[in-house]
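Structure first, commentary second.
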Amino acid sequence: MNPHLVQKIVGFVGLATVVPILASAVIYFLLPRQSRYHGIAAVLASTISLLLIGYCARIAPDQPILVSVPWLWGDAANFGVGVYMDRASLFMALMVCVVAWLVQIYSLGYMQDDLGRYFALMSLFLGTMLGLVLAPNFTQLFVCWELVGFCSYALIGHWFDRPSAADAARKAFVVNRVGDAAFLIGILMIWAGAHSLGLSELRSQWQHSIAQTSTATLIGLLVFCGAIAKSAQIPLHVWLPDAMEGPTPVSALIHAATMVAAGVYMLCRVHWLFTGDALQVIAWVGLVTAVFAAMVACRCWDIKRVLAYSTISQLGYMMLAVGLAVPAVAMFHLVTHAFSKALLFLVAGVVILLARREQDLRRLGGIARREPVLYVLFLLGALSLVGLPPFGGFYSKEMIVAAASKTARWMFCVLIIVGSALSGFYITQLSVSVFHGTERSQVSRSIGVRWKLMIMPALGLGLLSFASGWMGWYEVFGGANADLETAERDWISSMREPLLHLTGVGSLNIVAVLVGALTALLVQARGYYLNRVGPTPIARAIENAFYIDQIYHVVIGGIYNWLTRITSGMDALVIRGMVPELLRSTFDLTGRLLRGFQVGDVRAYIATSMFVLAVILWLLIRKLHLNV
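Here the numbering used here is used: position 346 in the sequence shown is 361, and no number is missing along the way.
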């Protein structure tokens with residue numbers, strides 16, 4: 016490997032990671048709070064990062080590059096700061112930069128009236144996510160993992176003067192701390208068992224020293240708990256729908272390229288860590304989450320919450336791919352979903368501005384006649400999301416279906432098909448409610464100069480949503496896996512071959528999507544909205560997300576109240592009762608004893624001193640006698 020080339024790549028990648036963090040510091044500490052230069056600085060920093068990462072991805076050699084320097088203490092492999100680059104991590108970083116760059120350009124229009132420290136946090140978000148993607152060890156990965164969580168918390172609560180936004184930010188913070196606590200315990204157990212936290216070192220020795228031990232499954236499940244919270248899987252999914260209280264560009268970035276993507280990427284990066292039993296758990300959790308979230312999306316009436324539950328569902332498919340031991344397929348679906356979901360959120364943001372901040376599907380409609388470009392872009396994202404050919408999502412989802420069909424568990428295929436039918440239903444219901452029918456709300460005629468700043472990124476994401484399935488992403492992520500095909504093919508063959516070799520289960524999956532979409536059209540035509548027809552108990556349960564939030568409130572709230580009463584009683588009895596009284600009595604008794612010696616008689620003082628001296632001499636003589 017050419018040392019000069021390695022040095023150049025490492026320097027460029029390090030600069031690409033540091034520049035957004037420096038831009039964040041400049042915006043936060045140096046620029047005025049409402050300066051229009053916030054956005055310019057953030058977009059300039061993300062542009063530099065995108066160009067540098069793109070150039071490095073183009074010239075990077077096939078062999079991995081590992082560079083790390085010590086941080087605080089210990090050796091660089093375990094407690095160092097650096098980069099571990101292979102083609103998969105570089106192209107993941109490239110995807111993060113592309114989406115972040117487009118979202119920040121979009122934010123120039125969407126957030127121009129309410130900046131605050133928005134762009135400072137968005138730049139920090141990008142820098143810490145790049146640090147996570149390129150982390151050479153668990154130490155740096157966990158530090159960046161927590162910083163990504165902090166940025167998400169702060170951006171979700173951007174409008175902190177609204178109680179709902181402040182509550183959503185706290186909820187996201189607390190729920191993720193639960194998963195992160197388990198993740199940290201898993202990292203400590205890895206250190207205890209392997210005495211190493213470097214990812215490359217662990218991979219080389221894991222199968223020989225740790226993988227066959229009884230604790231290997233437990234370690235894998237603890238690490239997976241971190242991804243359950245970060246990527247919003249059951250039962251720690253409850254924070255993500257509430258996170259829609261944040262600005263729409265934040266939702267686009269969280270759902271596409273940063274927060275929720277971190278969990279799936281981490282699992283794919285350390286896929287060698289998981290035993291067969293752990294993989295089974297991952298697969299079932301992902302599949303159940305996919306179907307559960309799709310069901311809830313069918314009875315959700317907030318445009319952003321529908322997309323949030325859609326994200327949870329698609330993340331479930333990625334987890335299923337990880338559990339099926341095909342991490343390259345999970346990464347492929349992560350990329351195709353990132354482009355389509357970012358596009359859907361950006362279009363939703365424009366719709367919300369046009370409708371004067373209205374987000375209820377039952378009060379929207381008729382947008383397609385006013386803004387046909389928005390409608391076409393939304394369809395591009397929707398068709399990719401549900402996995403219809405030849406859009407990007409079809410290729411990654413077909414690979415998940417093919418991997419599931421090779422297993423002996425027919426239930427996997429059944430649940431995937433059910434989830435696909437539900438996805439066809441909710442995305443069609445969303446499209447028809449927003450863009451068709453009559454206008455049920457007051458719609459603005461125009462959003463002024465914002466339009467150009469907001470529509471151009473959406474056009475770019477529309478192209479990527481259409482073409483991402485046959486742009487070579489799968490070959491990039493599968494290049495390091497011997498069990499995956501990595502043959503060079505042109506883009507026409509990449510687009511055509513999956514269609515020519517479509518499996519039976521894959522065909523049923525497409526039919527299920529179409530059946531779900533047709534059902535949604537029939538339901539919409541009959542006008543079966545919730546406010547027109549009383550919901551059944553099942554529909555009411557689905558609308559309330561199966562009451563999981565309420566269960567948490569009752570159980571955790573009850574435990575909290577019980578502990579509060581216990582600690583309050585202990586405080587009244589011990590801290591404010593027994594302890595002060597005991598101290599008072601002790602000091603009073605001590606004072607009474609000492610006052611007995613203060614008689615004012617010199618002869619008594621001399622006698623006491625002689626007695627004490629005699630006791631001391633006796634103790635010394637006795638000690639000397641014993642030593643002899």
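By construction, the Cβ of each residue, glycine as well, lies at the ideal position given by its N, Cα and C atoms.
When only Cα atoms are considered, residue 432 and residue 414 end up about 14 Å apart. Around residue 419, the same chain offers 335, 339, 427, 428, 431 and 520 as residues with beta carbons nearer than 8 Å, after the five sequence neighbours per side are excluded. Counting along the chain, residue 178 sits inside the alpha helix (DSSP H) bounded by residues 178-209.
Using a 10 angstroms sphere on the CB of residue 630, the tally of other CB atoms stays under 16, which defines it as exposed. Judged by DSSP secondary structure, residue 253 falls outside any beta strand (DSSP E); it is assigned neither H nor E.
A straight line joining the alpha-carbon of residue 400 with that of residue 480 spans about 9 Å.
Note that the region 48-55 does not touch the region 92-108; fewer than 3 beta-carbon pairs, one per stretch, sit closer than 8 Å. DSSP places residue 280 in no beta strand (DSSP E) but in the uninterrupted alpha helix (DSSP H) bounded by 274-284. The three-state reading of DSSP puts residue 83 in strand, counting E and B together. For residue 338, the uninterrupted alpha helix (DSSP H) run begins and ends at 318-338, by DSSP. In the DSSP assignment, the residues bridged to residue 152 are 213. Apart from sequence neighbours up to five positions away, the residues of its chain that approach residue 39 with a beta-carbon distance below 6 Å are 135, 138 and 139, ordered along the chain.
Secondary structure note for residue 97: its beta strand (DSSP E) is the uninterrupted segment 95-100.
For residue 375, the beta-bridge partners assigned by DSSP are 317.
Within the same chain, 244 and 251 come within 7 Å of residue 193 by CB-CB distance, once the 5 residues on both sides are set aside.
Leaving aside the five residues that flank residue 83 on each side, the residues in its chain whose CB is nearer than 6 Å to its CB run, in chain order, 91, 95, 97 and 151.
A buried status is given to residue 144, since no fewer than 16 other beta-carbon atoms sit within 10 Å of its beta-carbon. Counting along the chain, residue 435 sits inside the alpha helix (DSSP H) bounded by residues 425-450. Comparing alpha carbon positions, the residue from 438, 211, 404 and 444 closest to residue 528 is 438.
Counted as a single uninterrupted DSSP element, the alpha helix (DSSP H) harbouring residue 476 occupies residues 465-482. Just so you know, the alpha carbons of residue 599 and residue 561 end up roughly 56 Å apart. The beta carbons of residue 75 and residue 105 sit closer together than 8 Å. Annotation: the continuous alpha helix (DSSP H) that includes residue 577 extends over 563-585. By the Cβ neighbour-count rule, residue 260 is buried, with 16 or more other Cβ atoms within 10 Å of its own.
A straight line joining the alpha-carbon of residue 266 with that of residue 551 spans about 31 Å.
For residue 116, the three-state secondary structure derived from DSSP is helix.
The DSSP-derived three-state label of residue 129 is coil. Per DSSP, the continuous alpha helix (DSSP H) segment holding residue 385 begins and ends at 382-385. Following the DSSP letters along the chain, one finds residue 558 inside the alpha helix (DSSP H) bounded by residues 552-558.
In chain order, 110, 483 and 488 place their CB closer than 7 Å to the CB of residue 350, counting only its own chain and leaving out the 5 sequence neighbours on each side. Between the C-alpha atoms of residue 303 and residue 175 there is a straight-line separation of about 33 Å.
Beta-carbon to beta-carbon, residue 471 and residue 264 are separated by about 14 Å, too far to satisfy the 8 Å threshold.
Residue 275 and residue 113 have their C-alpha atoms roughly 16 Å apart. With contacts defined by Cβ atoms closer than 8 Å, residue 382 and residue 341 do not form a contacting pair. In the DSSP annotation of this structure, the continuous segment of the alpha helix (DSSP H) that includes residue 413 starts and ends at 407-420. Under a 10 Å Cβ-count criterion, residue 512 is classified as exposed, with fewer than 16 other Cβ atoms of the shown protein chains found around its own Cβ.
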